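Input: a single structure, listed below in structure tokens.
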Amino acid sequence: MTQQSLYEQVLDYANRANPYPLYAQLRRKPITRQTDGSYVVSTYREIVSLLHDPRIGSDFRKRFVRELAPAGFPTNQEPASENQAQEAEVPVPNQGSETEVIPSFIGLDPPEHDRLRRQATWPFGPPHKPGRVTDMEPQLIRLANRQIDTMKGKASIDIVEDFAYPIPVKMISELLGIPSEDQPHLHSLSEAIIEGIDLDPQESQEERKRRQEQSGQTFKKLEQYMEALIERHRKQPGSDLLSGLIIDHGPDGAMAPADIVSTASLLLIAGHETTVNLITNGMLTLLRHPEVLERLRREPNLVIRLVEELLRYEPPVQILPNRVALTDINIAGTTIQKGSPVILLLASGSRDPTRFHDPDKFDPDRRDNMHLGFGSGIHYCYGAPLARLETQIALTEIIRRLENPRLVHDPPPYRQSSTLRGPRHLIVEIDGVRD
Amino acid sequence: MLRIVVDLNRCESYAQCVFAAPSVFWIKDGESLEYDYVPDDSLRVQVERAAAACPVQAISICWLDEQLGQQRGNHNEQ
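Sequence order for the protein chains is A and B.
With the first letter of the first sequence counted as 1, position 19 gets the number 27 in the numbering used here; the numbers rise by one all the way through.
With the first letter of the second sequence counted as 1, position 65 gets the number 230 in the numbering used here; the numbers rise by one all the way through.
Below, the structure is given as structure tokens:
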């Protein structure tokens, strides 16, 4: 086997528990071209610059590969000099079902992105529903405490299964108006979809294609579920977000039915696979910093800054792997070629010592903390307000109520994904549960 | 007493503050941010959440003691 590049080592499961030393090595060069033609960006300044650059797109259908075109092959290349005439830009062939689905706004560029995002925000936040997230606070506090109540009488608990997973999943289900009896089914669909889109450098092209095919089929199942759910909400609308998408239109008019399906599917998956890791990473980090844990118990409002520091120090979304260069881009002494995939290592940018003082220190008092935990620019995390509130409340309540929590395995076992990174289980021993 | 200052030159209308403290911050005409610079003290936690959530760190909070008429030591700049 040939030697792995630094980025391939990041993807390698063996390095899942601590990718940060690899990011530090990658940052010696802001941008590195991979053998497959993609570009990996590791430094804060370059990541932020590209996140705000209209020459970078999120619509992966705009990828090209540069290869020699067969004679007579029609090319879409702009007029080029004579010696380049043989080189053509060939669209990447449709890779199975994944690209057959209509992209949601996360995978679109302006102007379609902007309109869909405004339409999706209309029933979720300002200007039309500014109180949607804060109104969920009492329910979130009840939910967190109900989960903690189930730990009474136990000597050890799993933070993931008993706490960090059920909270965001129940909240996103309520937000979308999904009946509770459907939730286990959606849990397994979401997990299968995420496994399918995971990056694994060691598998063959055929394996990857087969896995993407399977993931695409699962995504179709999720879409079929959503179509039926939307029909039910259309007939009997409630006060939930999905009903809002269907019946409550802003200045941009009604969202097309296919877009409602893809938007609801995106929100469901994001609600299942991200905040769970922020809450779990938070608990793990607190158990590794007992003095901070003790301080949080005494000063509950510390949680506000602490969650921002977590988003910098152990972010649940480590990598944005799906950007594409819409034209040749010169940056940091490198030319990113048009059509190339661009991979942004957000978690590396947030540990860049040229931007953050003592970046490998977990410091909840950090002042200058413009982290990349939710990205930046037009694709800034749609669910950020909910993720913040969920994590603030979850960590405050669990730290307040658990007596003498102790980490059993360090590092804990991790989920497969390098992109959406977090522990699979986090076993904690406790002496009891306070009221 | 709670006082808020927003650097509107930095504000990029991410609206994270509006989500976090909707009775203190609001968006006018779909674009520009407006806010109550003397919110009620009962909104303190919401205001702190709003300031921490700002992606461009444009929100400053300070505490004023009216009787002394001067800024107290716990000036809480973001």
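In this text, a Cβ means the ideal position worked out from N, Cα and C, and glycines have one as well.
Please read all numbers here as calculations on a predicted model, not as lab measurements.
Would residue i count as contacting chain A if we go by Cβ distances under 7 Å?
i, result
"A218 of chain B", "yes"
"V203 of chain B", "no"
"R214 of chain B", "yes"
"Y200 of chain B", "no"
"V189 of chain B", "no"
"V183 of chain B", "yes"
"N239 of chain B", "Residue placement at N239 of chain B is poorly supported in this model, since its pLDDT is 45, which falls under 50; the coordinates still yield a value, given next. No, because no Cβ of chain A sits closer than 7 Å to the Cβ of N239 of chain B."
"A180 of chain B", "yes"
"I224 of chain B", "no"
"I169 of chain B", "no"
"C227 of chain B", "no"
Can you tell which of the options has the C-alpha that lies nearest to the C-alpha of residue i?
i, options, result
"E145 of chain A", "B:F184, B:A218 and B:Y179", "B:F184"
"I438 of chain A", "A:Q11, A:M159, A:P27 and A:P38", "A:M159"
"A236 of chain A", "A:S273, A:E211, A:L434 and A:I165", "A:S273"
"I238 of chain A", "A:S188, A:T399 and A:G252", "A:G252"
"F72 of chain A", "A:R331, A:Q127 and A:L276", "A:R331"
"N377 of chain A", "A:S188, A:Y52 and A:L14", "A:Y52"
"V18 of chain A", "A:D373, A:E411, A:L380 and A:S356", "A:S356"
"D260 of chain A", "A:A152, A:H121 and A:P361", "A:H121"
"D443 of chain A", "A:D157, A:R63 and A:K217", "A:D157"
"F113 of chain A", "A:N412, A:E411, A:Q424 and A:C389", "A:C389"
"T342 of chain A", "A:R140, A:P38 and A:S13", "A:P38"
"P420 of chain A", "A:L14, A:R24, A:S13 and A:E16", "A:R24"
Which same chain residues end up closer than 7 Å to residue i when comparing Cβ atoms and leaving out the 5 residues on each side of it in sequence?
i, result
"I407 of chain A", "L294, L301, L304 and R305"
"M234 of chain A", "V269, A272 and S273"
"A180 of chain B", "I192"
"S89 of chain A", "Unreliable placement is indicated for S89 of chain A, whose pLDDT of 42 sits below 50; no coordinate value is reported for it."
"H297 of chain A", "F370"
"P87 of chain A", "With a pLDDT of only 40 at P87 of chain A, under the threshold of 50, the placement of this residue in the model should not be trusted; the figure read from the coordinates follows. Result list for P87 of chain A: empty, nothing under 7 Å."
"L318 of chain A", "L286, N289, G290 and T293"
Using the rule of at least 16 other Cβ atoms within 10 Å of the residue's Cβ for burial, across every protein chain shown, is residue i buried or exposed?
i, result
"Y202 of chain B", "exposed"
"L30 of chain A", "buried"
"H11 of chain A", "Looking at the sequence provided, one finds Gln at residue 11 of chain A rather than His. Q11 of chain A comes out exposed."
"E299 of chain A", "exposed"
"T229 of chain A", "Residue identity differs from the one stated: residue 229 of chain A is Lys in this sequence, not Thr. It is exposed - the Cβ of K229 of chain A has fewer than 16 other Cβ atoms within 10 Å."
"I351 of chain A", "buried"
"E4 of chain A", "A query on residue 4 of chain A cannot be resolved here, the shown segment of chain A reaching from 9 to 443 and no further."
"R359 of chain A", "buried"
"E213 of chain B", "buried"
"I255 of chain A", "exposed"
"K178 of chain A", "buried"
"A395 of chain A", "buried"
"G115 of chain A", "buried"
Apart from the five residues just before and just after residue i, which ones in its own chain have a Cβ nearer than 6 Å to its Cβ?
i, result
"A172 of chain A", "V284, I287 and T288"
"E316 of chain A", "N377"
"Q191 of chain A", "S181"
For residue i, list the residues DSSP reports as bridge partners.
i, result
"V171 of chain B", "B:I224"
"E199 of chain B", "B:W191"
"L352 of chain A", "A:V49 and A:L328"
"P431 of chain A", "A:Y422"
"V436 of chain A", "A:I165 and A:L415"
"R41 of chain A", "A:Y47"
"V441 of chain A", "A:L410"
"I344 of chain A", "A:I337"
Is the CB of residue i under 7 Å away from at least one CB in chain B?
i, result
"P420 of chain A", "no"
"A77 of chain A", "Note that A77 of chain A scores 41 on pLDDT, short of 50, meaning its location in the model is unreliable and no value can be drawn from it."
"P135 of chain A", "yes"
"P101 of chain A", "With a pLDDT of only 49 at P101 of chain A, under 50, the local geometry of the prediction cannot be trusted, and no value is derived from it."
"M199 of chain A", "Looking at the sequence itself, residue 199 of chain A is Glu, so the reference to Met does not match. Not an interface residue."
"I312 of chain A", "yes"
"V464 of chain A", "Lying outside 9 to 443, the shown extent of chain A, residue 464 of chain A is not represented and no answer is given."
"P393 of chain A", "yes"
"T343 of chain A", "no"
"P372 of chain A", "no"
"T282 of chain A", "no"
Skipping 5 residues on each side, what residues in its chain have a beta carbon closer than 8 Å to that of residue i?
i, result
"S178 of chain B", "I192, E196, S197 and L198"
"D248 of chain A", "E182, L183, L184, G185 and H241"
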